[in-house]
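Using numbering that gives the first Met the number 0, read the sequence shown as starting at 0 and increasing by one per residue.
Below is one structure, written out as structure tokens; comments come after it.
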Amino acid sequence: MNPSTALARVLVDELARCGLSEAVVAPGSRSTPLALALAAHPDVRVHVRVDERSAAYLAVGLARTQRLPAALVCTSGTAAANFHPAVLEADESGVPLLVLTADRPPELRGTGANQTVDQIGLFGSAVRMFTEVGTPEPVAGMTAYWRSLACRAWSAAGTERPGPVHLNLAFREPLVPETALPAPGESPSAADPVAEALAAADDWPEPLIGRPSGRPWIARHAAPRGPEPVELPAVERGVVVCGDGDYDPIPYLALAAQTGWPLLAEPTSNARRGDAVSAYRHLLASPRFAAEHEPELVVTAGRPGLSRQLLAYLGRAERHFAVGTGRFADPVRTATDTVPAVAAPAGARPDTGWARSWQEAERRARAAVDGVLDAEEALSEIRLARDLAAQAPNGTLLFAGSSMPIRDLDAAMSARCGARIIGNRGVSGIDGTVSSAVGAALAHQRAGGGGGYALLGDLAMLHDQNGLVLGPGEPRPDLALVAVNNDGGGIFSGLEQAGHPRFERLFGTPHGVSMERVAQMADVPYTHLEWASDLPKALLGEGLRIVEVCTGRADSAALRRTVQQAVEAALED
Numbered sequence: 000m001n002p003s004t005a006l007a008r009v010l011v012d013e014l015a016r017c018g019l020s021e022a023v024v025a026p027g028s029r030s031t032p033l034a035l036a037l038a039a040h041p042d043v044r045v046h047v048r049v050d051e052r053s054a055a056y057l058a059v060g061l062a063r064t065q066r067l068p069a070a071l072v073c074t075s076g077t078a079a080a081n082f083h084p085a086v087l088e089a090d091e092s093g094v095p096l097l098v099l100t101a102d103r104p105p106e107l108r109g110t111g112a113n114q115t116v117d118q119i120g121l122f123g124s125a126v127r128m129f130t131e132v133g134t135p136e137p138v139a140g141m142t143a144y145w146r147s148l149a150c151r152a153w154s155a156a157g158t159e160r161p162g163p164v165h166l167n168l169a170f171r172e173p174l175v176p177e178t179a180l181p182a183p184g185e186s187p188s189a190a191d192p193v194a195e196a197l198a199a200a201d202d203w204p205e206p207l208i209g210r211p212s213g214r215p216w217i218a219r220h221a222a223p224r225g226p227e228p229v230e231l232p233a234v235e236r237g238v239v240v241c242g243d244g245d246y247d248p249i250p251y252l253a254l255a256a257q258t259g260w261p262l263l264a265e266p267t268s269n270a271r272r273g274d275a276v277s278a279y280r281h282l283l284a285s286p287r288f289a290a291e292h293e294p295e296l297v298v299t300a301g302r303p304g305l306s307r308q309l310l311a312y313l314g315r316a317e318r319h320f321a322v323g324t325g326r327f328a329d330p331v332r333t334a335t336d337t338v339p340a341v342a343a344p345a346g347a348r349p350d351t352g353w354a355r356s357w358q359e360a361e362r363r364a365r366a367a368v369d370g371v372l373d374a375e376e377a378l379s380e381i382r383l384a385r386d387l388a389a390q391a392p393n394g395t396l397l398f399a400g401s402s403m404p405i406r407d408l409d410a411a412m413s414a415r416c417g418a419r420i421i422g423n424r425g426v427s428g429i430d431g432t433v434s435s436a437v438g439a440a441l442a443h444q445r446a447g448g449g450g451g452y453a454l455l456g457d458l459a460m461l462h463d464q465n466g467l468v469l470g471p472g473e474p475r476p477d478l479a480l481v482a483v484n485n486d487g488g489g490i491f492s493g494l495e496q497a498g499h500p501r502f503e504r505l506f507g508t509p510h511g512v513s514m515e516r517v518a519q520m521a522d523v524p525y526t527h528l529e530w531a532s533d534l535p536k537a538l539l540g541e542g543l544r545i546v547e548v549c550t551g552r553a554d555s556a557a558l559r560r561t562v563q564q565a566v567e568a569a570l571e572d
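Encoded structure:
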């Protein structure tokens, strides 16, 4: 067995023992040993993408949804550089990722050799761990080195502070094994062809096999119990804020229920359930309401930051408890205390004047929002967000695109259970959105979940058209990409740039592209949706498909102002 093949097969075998089940491969020559080893392993599902940026975001979607590291493989050169945006997203949003970049051996670096760049520490501080693995050689000690390294990488990616890990692997030729392994299922005699090939390798100075019974080289044992909660001060005017993040929302729902403190939950916190205040965005945008409802204490979980009004509101509290261990979110530096977990104050009671005031405001604001949105049968952007979130069946995965889609969900979505809502909120870019949604739906459905939906803007769709290019042998999700096409960047119509004389070209960025043309390029089904009553029918179907809703940027901005005005009027009555 040649050294490059040995390294790749040992690494893949050990990662699979740790729990690796999803891998994304971008084609290339230098990464051949890794690609072949992954494709032959029976416990790893391999996805192939021609575009490295799309491949990387697909891996982010897979890993975010399954909450386990996904492997990401590419050849040397600019291929690795194209992973960088997704690595940044994984870093900021805590998504476990194993970035395996193939490289030229040392003797070819710095010589002008083809497709060679400096890949050492390529992703800087965005990774939890970086290792230059070294050129494989048939010498004693390699088995323990490679297998222990795989376990360390797995642990660094997915344990206390999940995030990306980068292993740079220099492969010398030959890159192709002397004997090809059968694909999973092709050989009934080989349950695990990779493990069998390693066991049969008799041309190495030591066995290449792993621990007996398929256990990892280094077994990691989790701590038996979580952190002790800190009892909060006994105040009446408390507020619970749940921002973006993959954490258990139940303790915060219980805290709100025990104390009567309003629960303000962003959609991707998955805490907007039960009695959560769904119209908080509009309430806090009312200067009078915000002034009359200054809190004594705020508890934040996850990463809040969808609305300026909410961030400003955090600074009104005398005490701000930010929940987190080690790293905690405090975007406007208002935190006064950081705690690993919280508990309701002793003797707390939920029936208070503060609680009733918020409940009445929520009732009025919710009715005002729904009244404005239901007045027109034609689908607006904000009504589409509300209705999609409400009508998606239980068991659904809903992927929220950055920019206006996630903000419209935040503004209009009613409290509900039964759907998991995620999005790329780490650095909130629109790049890789289609690919992330595809990966998320694939992982969700592999775990037994229901259909997938993604609410995206037109620029995000155009930015990641390559995410729709799936080869004939690739796993395909049940995913409806619901694209809002307002011919440009709608978010800027509500910002201060809107009054600039060069606004349309520099910020509006009109493109004139119908999503039907995008669907034709990718050969996926397409539906044009205009009326709200047709949404349930448009969402039916299977496989990857596009649903387009055309809107006007100026009209949408005006409607959002009308909704806010209606809420303020309802609060005055």
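No residue lacks a Cβ here, since even glycine has one placed at the ideal position from N, Cα and C.
None of the values given here were measured: they were computed from a predicted structure.
| Item | Value |
| --- | --- |
| CB contact below 8 Å: Ala334 versus chain B | Absence of chain B from the displayed structure is noted, only one protein chain being present. |
| For Ala556 and Pro500, the rounded distance between their alpha carbons | 18 Å |
| Cut-off 6 Å between Cβ atoms - residues of its own chain near Ala342, not counting five sequence neighbours on either side | Pro228 and Glu230 |
| Coil, strand or helix - Leu528 by DSSP | coil |
| Of the residues Asp572, Gln464, Leu539 and Gln564, the one placed nearest Asp50, counting alpha carbons only | Gln464 |
| Within the region 302 to 361, ranges of the alpha helix (DSSP H) (whole runs, at least 4 residues) | 307 to 313 |
| CB-CB length for Arg410 against Val566, believed under 8 Å | For the record, residue 410 in the displayed sequence is Ala; it is not Arg. The pair is not a contact, with the Cβ atoms about 10 Å apart (cut-off 8 Å). |
| Alpha-carbon spacing of Ala200 relative to Leu96, whole angstroms | 30 Å |
| Test item: CB-CB of Glu547 and His527 under 8 Å | yes |
| Residue of Gly400, Pro68, Thr130 and Gly213 minimising C-alpha distance to Trp153 | Pro68 |
| Whether Arg348 touches Gly259 by CB criterion (8 Å) | yes |
| Expected contact under 8 Å - CB spacing of Gln563 and Ala284 to nearest Å | 6 Å |
| C-alpha gap between Gly487 and Ser379, whole angstroms | 16 Å |
| Unbroken stretches of the beta strand (DSSP E), 3 residues or longer, contained in the region 38 to 77 | 44 to 47 and 69 to 73 |
| Proximal residues to Gly76 (C-beta, below 7 Å), its chain only, five neighbours per side dropped | Gln114, Thr115 and Val116 |
| His165 (DSSP reduced to helix, strand or coil) | strand |
| Beta-carbon proximity list for Ala518, same chain, < 6 Å, skipping 5 on both sides | Tyr525 and Ile545 |
| Unbroken beta strand (DSSP E) run spanning Gly451, endpoints | Gly451 to Gly456 |
| Beta-bridge pairing of Cys241 - partner residues as DSSP gives them | Ala264 and Ala300 |
| As assigned by DSSP and simplified to three states, the class of Cys549 | strand |
| 8 Å Cβ cutoff met for Val238 and Leu254 | no |
| For Met128, the first and last residue of its enclosing beta strand (DSSP E) | Met128 to Glu131 |
| Beta-carbon spacing of Ala328, Gly242 below 8 Å | yes |
| Beta-carbon proximity check, Leu305 vs Val331, cutoff 8 Å | no |
| For Ala55 and Glu91, the rounded distance between their alpha carbons | 15 Å |
| Check whether Ala414 and Tyr452 have beta carbons under 8 Å apart | no |
| Contact under 8 Å by Cβ, Ala439 with Ile421 | yes |
| For Asn484: DSSP bridge partner residues | Cys549 |
| Pairwise C-alpha distance: Glu376 and Ser532 | 7 Å |
| Reference Cys17; option with closest CA among Arg382, Thr130, Ala155 and Pro192 | Ala155 |
| Same chain, Cβ closer than 7 Å to Ala446, five either side skipped, listed in chain order | Gln65 |
| As assigned by DSSP and simplified to three states, the class of Ile420 | strand |
| C-beta atoms of Thr31 and Leu174 nearer than 8 Å | yes |
| Validate contact between the region 204 to 221 and the region 271 to 278 using beta carbons, cut 8 Å, 3 pairs | no |
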